[in-house]
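Novice: Supplied in structure tokens, the structure appears directly below.
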Amino acid sequence: MIYTTLMNVQELHSILVNQKITGKKAPLCVLDCRCSIENPDIGIELYKEGHIPGAVLCDFDKVVTGKVCQGSGRHPMPDREIFIKNMESLGVSSDKQIVLYDQGGLGFATRLWFQLRWIGLEKVAVLDGGYQAWVNHKFPVATKSTVPEAGVINANEPLEIPTEMKTVQDNLNTHKYLVVDARSNSRFHGIGETIDKKAGHIPGSVCRPGSMNFNKDGAFKSPVELRKEFLELLDGRKPTQIINSCGSGVNASVNLFAMDLCGLVGSHLYTGSWSQWIDDESNPIVCK
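If you read the sequence shown in our numbering, its first letter stands for residue 1341, the second for the next number, and so on.
The following block contains the structure:
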């Protein structure tokens, strides 16, 4: 079976157990991409404390994020060829099933899912509920680092294409798209901003926090529930008329992923998001 959106922890555990019983290595690559915007190094610390057996550490800020500079936003897209080489060094191959996990209820796994689809990989899944779900099921954990065998990624057409700031700027006049902001309501309205140097939101955008896609345990809501919520948000628009934004294109990827999960495929991701938007002094801001 090929997984292209979600895989649950029972399914992954079953694959790993079968691999151990048969002695046959499954065409599988599990990446631990736990991270925190406030503490980018926390993923390394958490991996050392415990991780899913066989999972490879994926340092989000070093191998997923591109070079940060003025006007790039906090988590810019990397150079495509460099990103491919980084992923190959972690064992990612075109013929493998890729499984990604973060702590659960976050956007690091879904942002990496987006970028792997950007380089043409389709067999990429996010572990539902992340590492927390694995621990909650009392499945075994490892502390020894996994050294991956280098993978081979074949050049393919992108399955996702990042949205540039120019498209969002033009949209201020054309109103072709609805910009959906995945930050919290307070940050969207410019209240208590602690991450970015300016508060507020892109004119004309609406707020749907990425946290709304999850249950309390960090697992995704059912596709039926998500579809109902997003159809209400779309209000007759097509999924292709949606641009997902947030602070730096991480949390926004959760909304895009959730839309795909419930069959509303084709929305876009503004990877630069608010942290890039505010670097251009000519860009208008709404703060209320």
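We treat Cβ as the ideally placed atom computed from N, Cα and C, and that holds for glycine.
None of these values were measured; they are calculated from a predicted model.
Of all the alpha helix (DSSP H) runs that stay within the bounds of the stretch 1471-1549, which reach a length of 4 or more residues?
Specialist: 1505-1514 and 1525-1528
Novice: Helix, strand or coil for Val-1404 per DSSP?
Specialist: helix
Novice: Between Leu-1397 and Asp-1372, is the Cβ-Cβ spacing less than 7 Å?
Specialist: yes
Novice: Is any non-hydrogen atom of the ligand SAM found closer than 6 Å to the C-beta of Ala-1559, if you look at the structure I gave you?
Specialist: Among the components of this structure there are no ligands whatsoever, and the ligand SAM is therefore not found.
Novice: Find out if the Cβ-Cβ distance for the pair Ala-1559, Asp-1619 is shorter than 7 Å.
Specialist: no
Novice: Measuring alpha carbon to alpha carbon, tell me which residue in Gln-1509, Val-1546, Thr-1514 and Leu-1518 is nearest Arg-1527.
Specialist: Val-1546
Novice: Reducing DSSP to helix, strand and coil, say where Gln-1437 ends up.
Specialist: strand
Novice: Could you pull out every residue in the same chain whose Cβ sits closer than 8 Å to the Cβ of Pro-1498, ignoring the five residues on either side in sequence?
Specialist: Arg-1457, Trp-1458, Ile-1459 and Gly-1460
Novice: Could you say if the stretch 1596-1608 and the stretch 1436-1455 meet the contact criterion of at least three C-beta pairs nearer than 8 Å?
Specialist: yes
Novice: What's the C-alpha gap between Lys-1408 and Met-1341?
Specialist: Checking the sequence shown, residue 1408 turns out to be Val, not Lys. One C-alpha to the other measures close to 38 Å.
Novice: Starting from the Cα of Thr-1534, find the closest Cα among Gly-1544, Pro-1543 and Arg-1523 and give me that residue.
Specialist: Arg-1523
Novice: Can you check the stretch 1343-1407 for any beta strand (DSSP E) of at least 3 residues that lies completely inside it and give the ranges in chain order?
Specialist: 1368-1372
Novice: Tell me the rounded alpha-carbon separation between Asn-1348 and Asn-1555.
Specialist: 14 Å
Novice: Below 6 Å CB to CB, which residues in the same chain sit around Asn-1511 once its five sequence neighbours on both sides are set aside?
Specialist: Tyr-1517
Novice: Identify whether Val-1466 lies in helix, strand or coil by the three-state DSSP scheme.
Specialist: strand
Novice: Report the residue from Cys-1375, Ile-1392, Val-1439 and Arg-1577 whose alpha carbon sits nearest the alpha carbon of Val-1403.
Specialist: Cys-1375
Novice: Buried or exposed: Val-1357, going by 16 or more other Cβ atoms within 10 Å of its Cβ?
Specialist: Exposed is the call here.
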